[in-house]
Amino acid sequence: MDVREILQMKRDGGTLSEDAIQTFLTGYVAGDIPDYQASALLMGIFIHGMGDAELTQWTLGMLNSGERFDFSDIDGPKVDKHSTGGIGDKVSIPLAPAVAACGAYVPMISGRGLGHTGGTLDKLESIPGFRTGLEPDEFRSVLKATGFAMGGQTETLVPADRKLYALRDVTGLIESIPLITSSILSKKLAEGIDALVLDVKFGSGAFLTDPQRGADLAKAMATIAKQCGVNATVFQTNMERPLGLTAGNGIEIVESLDCMKGGGPSDLRDLVTLQGGEMLRLVGLAENLEVGRKKIAASLDDGSAFERFQKLTELQGGDPGSLECADEIPVSDEVDHLGSPAAGLFSWADLRNVGRAVGALGGGRARVEDTIDPSVGLRFLVTEGERVERDQPLVQIHHRDGRGLEQAKQLLLRGLVVSEEAPEIKPLVIG
Ligand code: URA
Numbered sequence: 001m002d003v004r005e006i007l008q009m010k011r012d013g014g015t016l017s018e019d020a021i022q023t024f025l026t027g028y029v030a031g032d033i034p035d036y037q038a039s040a041l042l043m044g045i046f047i048h049g050m051g052d053a054e055l056t057q058w059t060l061g062m063l064n065s066g067e068r069f070d071f072s073d074i075d076g077p078k079v080d081k082h083s084t085g086g087i088g089d090k091v092s093i094p095l096a097p098a099v100a101a102c103g104a105y106v107p108m109i110s111g112r113g114l115g116h117t118g119g120t121l122d123k124l125e126s127i128p129g130f131r132t133g134l135e136p137d138e139f140r141s142v143l144k145a146t147g148f149a150m151g152g153q154t155e156t157l158v159p160a161d162r163k164l165y166a167l168r169d170v171t172g173l174i175e176s177i178p179l180i181t182s183s184i185l186s187k188k189l190a191e192g193i194d195a196l197v198l199d200v201k202f203g204s205g206a207f208l209t210d211p212q213r214g215a216d217l218a219k220a221m222a223t224i225a226k227q228c229g230v231n232a233t234v235f236q237t238n239m240e241r242p243l244g245l246t247a248g249n250g251i252e253i254v255e256s257l258d259c260m261k262g263g264g265p266s267d268l269r270d271l272v273t274l275q276g277g278e279m280l281r282l283v284g285l286a287e288n289l290e291v292g293r294k295k296i297a298a299s300l301d302d303g304s305a306f307e308r309f310q311k312l313t314e315l316q317g318g319d320p321g322s323l324e325c326a327d328e329i330p331v332s333d334e335v336d337h338l339g340s341p342a343a344g345l346f347s348w349a350d351l352r353n354v355g356r357a358v359g360a361l362g363g364g365r366a367r368v369e370d371t372i373d374p375s376v377g378l379r380f381l382v383t384e385g386e387r388v389e390r391d392q393p394l395v396q397i398h399h400r401d402g403r404g405l406e407q408a409k410q411l412l413l414r415g416l417v418v419s420e421e422a423p424e425i426k427p428l429v430i431g
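If you want it as structure tokens, here you go:
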């Protein structure tokens with residue numbers, strides 16, 4: 001098949017056949033189809049979208065572009081969770097050991113922070129010595145030993161996504177429902193799981209800011225996962241405000257450890273028990289969601305989730321002793337505050353600026369190859385709807401030698417509002 005015919009088909013809003021999809025993905029991964037032709041096809045998909053059957057074929061084509069994990073020799077259900085990401089979203093870190101402590105296996109492949117959002121791998125690597133670059137054999141042995149493993153995408157897992165994602169990043173083609181759906185699902189399906197919980201965020205800190213587009217993405221993810229043979233539940237949750245009380249890397253690990261030990265902020269615990277409970281229900285380890293939630297809550301409260309995480313930390317090269325004492329996790333003790341610009345009621349405005357503030361301090365990256373400082377970050381001192389006085393500290397800023405401090409303050413001021421108007425406080429979970 002001539003590649004130009006494939007491009008023309010999508011350019012004109014047509015449906016790509018299974019053949020066309022195979023020809024394109026195989027040729028692109030092999031390097032026979034250049035980026036300029038791939039960009040043209042991605043633009044066609046971005047503009048015209050994809051039908052369900054077409055998107056299923058596209059997702060399976062991406063999945064089959066590389067190796068897949070096969071954990072069928074491990075006796076027990078395998079289940080994972082994925083979030084589209086946002087500010088302060090650290091759910092995966094306490095959730096994976098809690099689900100493992102309840103009897104399921106969680107082979108969790110995560111990503112790094114890019115742009116305004118943080119990444120699970122960066123957060124984990126702020127634990128002294130913790131390694132996330134596991135080879136497949138090591139990933140498998142950690143999974144067998146602890147019931148979960150936390151690593152990054154390997155060279156051989158879904159190479160089509162690695163190439164296409166990089167191309168989308170530089171061509172302004174990230175925010176497309178079929179392209180996001182296939183990118184996320186192909187990587188998750190390659191983990192060899194039986195079931196999947198997806199957390200699609202809505203609000204100013206999310207990938208797709210419009211709740212309707214978020215709902216469309218949630219629906220597409222659930223439909224395509226089922227058509228690819230994986231039972232999935234999709235939650236739509238709030239990213240109009242940060243999750244928990246911290247944003248950054250080391251500082252989010254400290255909060256995650258609090259949650260794992262039965263404490264921490266209530267919104268974080270609520271999402272961990274909800275999504276973990278649903279993971280247990282999906283694989284038959286809980287007869288309903290309520291029972292699942294209680295089991296997850298018990299694993300946080302009785303120390304079994306934390307114990308699993310200690311074991312994993314040791315196996316992945318980290319110092320388990322550092323998890324006992326918050327001082328061992330890097331959080332800079334150079335602290336400043338953002339004072340309130342006025343007296344009134346506090347609310348969040350554009351959360352992307354809050355994520356960018358972490359980036360300005362050195363805690364995020366603009367390009368994949370940038371290095372980050374795990375010790376910088378933010379602690380939120382007030383919550384939505386709270387009355388504050390002028391100059392009252394709203395955010396505690398952990399910085400390093402003042403790097404990016406003034407820029408971070410300016411960004412934070414654009415990320416929040418203090419006025420006499422009472423904000424509409426949206427629920428944590430909308431669907
Ligand atoms: N995360 C991914 O892995 N892929 C996307 O397209 C968007 C978010």
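For the sequence shown, this note's numbering gives the first residue as 1, with consecutive numbering after it. Positions of the beta carbon are idealized from the N, C-alpha and C atoms, including for glycine.
Checklist entry - Pick from Val-331, Met-62 and Asp-35: whose alpha carbon is nearest that of Ile-21? => result Taking the sequence shown and counting its residues from 1, one reaches residue 21 at position 21. Nearest option by C-alpha distance: Met-62.
Checklist entry - What's the gap between the Cα of Thr-383 and the Cα of Phe-69? => result For this step, residue 383 is matched to residue 383 along the sequence shown. For this step, residue 69 is matched to residue 69 along the sequence shown. One C-alpha to the other measures close to 42 angstroms.
Next on the checklist: Which complete beta strand (DSSP E) runs does the segment 92-129 hold, if anything under 3 residues is left out?
Outcome noted: Taking only runs of at least 3 residues, the beta strand (DSSP E) segments lying wholly in the segment 92-129 are 106-110.
Checklist entry - In chain order, what residues of the same chain have a beta carbon less than 6 angstroms from the beta carbon of Val-461, not counting five sequence neighbours either side? => result Lying outside 1 to 431, the shown extent of the chain, residue 461 is not represented and no answer is given.
Checklist entry - Cβ of Lys-109 within 7 angstroms of any heavy atom in ligand 1? => result To locate residue 109, count along the sequence shown from 1; it is residue 109. Here the sequence assigns Ile to residue 109, which means Lys is not the residue at that position. No - ligand 1 has no heavy atom lying nearer than 7 angstroms to the Cβ of Ile-109.
Next on the checklist: On the DSSP bridge list, what partners appear for Leu-378?
Outcome noted: Here residue 378 corresponds to residue number 378 of the sequence shown, with the count starting at 1. Leu-378 is bridged to Ala-247 and Ile-397.
Checklist entry - At what residue ranges does the segment 234-279 contain a whole run of the alpha helix (DSSP H), taking only runs of 4 or more? => result The qualifying runs are 250-260.
Next on the checklist: Assuming Leu-285 and Pro-77 are in contact, meaning their beta carbons sit under 8 angstroms apart, how far apart are those beta carbons, in whole angstroms?
Outcome noted: Within the sequence shown, numbered from 1, the residue matching residue 285 stands at position 285. Within the sequence shown, numbered from 1, the residue matching residue 77 stands at position 77. Yes, Leu-285 and Pro-77 are in contact; Cβ-Cβ is about 7 angstroms, under 8 angstroms.
Checklist entry - What are the boundary residues of the beta strand (DSSP E) that includes Ser-419? => result For this step, residue 419 is matched to residue 419 along the sequence shown. In the DSSP assignment, Ser-419 falls within the unbroken beta strand (DSSP E) covering 416-419.
Checklist entry - Where DSSP assigns a beta bridge to Lys-201, which residues make up the other side? => result In the sequence shown, counting from the first residue as 1, residue 201 sits at position 201. Its beta-bridge partners are Thr-237.
Next on the checklist: The beta strand (DSSP E) that contains Ala-305, what's its start and end?
Outcome noted: The residue given as residue 305 occupies position 305 in the sequence shown. For Ala-305, there is no enclosing beta strand (DSSP E); the enclosing alpha helix (DSSP H) covers residues 304-315.
Next on the checklist: So, under 8 angstroms CB-CB, Asp-267 and Leu-428 are touching, yes? Tell me the CB distance rounded to an integer number of Å.
Outcome noted: Translated into the one-based positions of the sequence shown, residue 267 becomes position 267. Translated into the one-based positions of the sequence shown, residue 428 becomes position 428. That pair is a contact at about 6 angstroms.
Checklist entry - Among Asp-75, Arg-356, Gly-88 and Gln-8, which residue has its Cα nearest to the Cα of Leu-245? => result Here residue 245 is taken as the residue at index 245 of the sequence shown, counted from 1. For the residues Asp-75, Arg-356, Gly-88 and Gln-8, the minimum Cα distance to Leu-245 belongs to Gly-88.
Item to check | Counterpart residues of Phe-148 in DSSP-defined beta bridges | outcome: Position 148 of the sequence shown, counted from the start, is the residue given in the question as residue 148. DSSP lists Val-106 as the beta-bridge partner residues of Phe-148.
Checklist entry - Would Ser-105 be called buried (16 or more neighbouring beta carbons within 10 Å of its own) or exposed? => result The count along the sequence shown starts at 1 and reaches residue 105 at position 105. The question names Ser, yet the displayed sequence has Tyr at residue 105. Per the 10 Å Cβ criterion, buried.
Checklist entry - CA-CA distance, Gly-321 and Asp-52? => result Along the sequence shown, read from residue 1 onward, the residue named residue 321 stands at position 321. Along the sequence shown, read from residue 1 onward, the residue named residue 52 stands at position 52. Looking at the two C-alpha atoms, the distance is approximately 49 angstroms.
Next on the checklist: Between the alpha carbons of Lys-90 and Met-221, how many angstroms are there, rounded?
Outcome noted: Stepping through the sequence shown from its first residue, residue 90 is reached at position 90. Stepping through the sequence shown from its first residue, residue 221 is reached at position 221. Distance between the alpha carbons of Lys-90 and Met-221: 21 angstroms.
Next on the checklist: Using C-beta distances below 6 angstroms, list every residue in its chain close to Ala-160, excluding the 5 sequence neighbours before and after it, in chain order.
Outcome noted: Numbered from its first residue, the sequence shown carries residue 160 at position 160. Cβ within range, chain order: Leu-25, Val-29, Met-62 and Ser-65.
Next on the checklist: Less than 7 angstroms separating the Cβ of Ile-372 from some heavy atom of ligand 1?
Outcome noted: As a first step, residue 372 is located in the sequence shown; it is residue number 372 there, counting from the start. Not under cutoff, so the answer is no.
Next on the checklist: Given 7 angstroms as the limit, tell me if Ile-180 has its C-beta closer than that to any heavy atom belonging to ligand 1.
Outcome noted: Indexing the sequence shown from 1 puts residue 180 at position 180. It does: the Cβ of Ile-180 is within 7 angstroms (strictly closer) of some heavy atom of ligand 1.
Next on the checklist: Comparing C-alpha positions only, which one of Ile-251, Asp-199 and Val-197 sits nearest to Val-358?
Outcome noted: Taking the sequence shown and counting its residues from 1, one reaches residue 358 at position 358. Selected option, being the one with the closest Cα: Ile-251.
Item to check | Alpha-carbon to alpha-carbon, Glu-421 and Pro-97 | outcome: Here residue 97 refers to the residue found at position 97 of the sequence shown. Here residue 421 refers to the residue found at position 421 of the sequence shown. Each residue's Cα considered, the two are about 42 angstroms apart.
Item to check | For Ser-17, the first and last residue of its enclosing beta strand (DSSP E) | outcome: Counting from one through the sequence shown, the residue named residue 17 turns up at place 17. Note, Ser-17: premise wrong, no beta strand (DSSP E); not H, not E.
Next on the checklist: Whole angstroms are fine: how far does the CA of Arg-356 sit from the CA of Pro-341?
Outcome noted: Position 341 of the sequence shown, counted from the first residue, corresponds to residue 341. Position 356 of the sequence shown, counted from the first residue, corresponds to residue 356. Answer to the nearest angstrom: the Cα atoms are 19 angstroms apart.
Next on the checklist: Short of 8 angstroms in beta carbon distance, which residues of its chain neighbour Asn-288, apart from the five on each side in sequence? Order them along the chain.
Outcome noted: Position 288 of the sequence shown holds residue 288. Non-local C-beta neighbours of Asn-288 in its own chain, meaning closer than 8 angstroms and more than five positions away in sequence, comprise Arg-281, ordered along the chain.
Item to check | Exposure of Met-1, with buried meaning 16 or more beta-carbon neighbours within 10 Å | outcome: Residue 1 sits at position 1 when you count from the first residue of the sequence shown. With fewer than 16 other Cβ atoms within 10 Å, it is exposed.
Checklist entry - Within 10 angstroms of its Cβ, does Glu-54 collect 16 or more other Cβ (buried), or is it exposed? => result Within the sequence shown, numbered from 1, the residue matching residue 54 stands at position 54. Looking at its Cβ environment, which holds 16 or more other Cβ atoms inside 10 Å, Glu-54 is buried.
Checklist entry - Closest by CA to Phe-346, which one among Val-388, Thr-15, Ala-145 and Gly-115? => result Here residue 346 refers to the residue found at position 346 of the sequence shown. For the residues Val-388, Thr-15, Ala-145 and Gly-115, the minimum Cα distance to Phe-346 belongs to Val-388.
Item to check | Reduced DSSP secondary structure (H/G/I, E/B, other) of Asn-231 | outcome: Taking the sequence shown and counting its residues from 1, the one referred to as residue 231 is at position 231. If DSSP states are grouped into helix, strand and coil, Asn-231 belongs with the strands.
Item to check | Bridge partner(s) assigned by DSSP for Phe-71 | outcome: What you label residue 71 is simply residue 71 of the sequence shown in a count that begins at 1. In the DSSP output, where bridge partners are listed per residue, Phe-71 has none listed.
Checklist entry - From which residue to which residue does the alpha helix (DSSP H) around Val-335 run? => result For the purposes of this step, residue 335 is taken as residue 335 along the sequence shown, with counting starting at 1. Premise fails: Val-335 lies in the beta strand (DSSP E), 335-339, not in any alpha helix (DSSP H).
Next on the checklist: Please identify the residue among Gly-248, Val-230, Thr-223 and Ala-218 whose C-alpha is closest to the C-alpha of Gln-236.
Outcome noted: Numbered from its first residue, the sequence shown carries residue 236 at position 236. Ranked by Cα distance from Gln-236, the options Gly-248, Val-230, Thr-223 and Ala-218 are led by Ala-218.
Item to check | Pick from Gln-227, Ile-127, Leu-95 and Asp-122 that is closest to Gly-292, judged by C-alpha positions | outcome: Walking along the sequence shown from the start, residue 292 turns up at place 292. Among Gln-227, Ile-127, Leu-95 and Asp-122, the Cα nearest to that of Gly-292 is on Leu-95.
Item to check | Cutoff 8 angstroms; reference Ile-184; Cβ partners in own chain excluding five residues on either side | outcome: Here residue 184 corresponds to residue number 184 of the sequence shown, with the count starting at 1. If we look at Ile-184 and ignore the five residues flanking it on each side, its Cβ neighbours are His-82, Thr-84, Leu-198 and Met-221.
Checklist entry - Is it true that the CB of Leu-173 sits closer than 8 angstroms to the CB of Leu-42? => result In the sequence shown, the residue the question calls residue 42 occupies position 42. In the sequence shown, the residue the question calls residue 173 occupies position 173. Yes; because the gap between Cβ atoms is below 8 angstroms, this pair is in contact.
Checklist entry - For ligand 1, any of its heavy atoms closer than 7 angstroms to the Cβ of Lys-187? => result Mapped onto the sequence shown, residue 187 falls at position 187. Yes.
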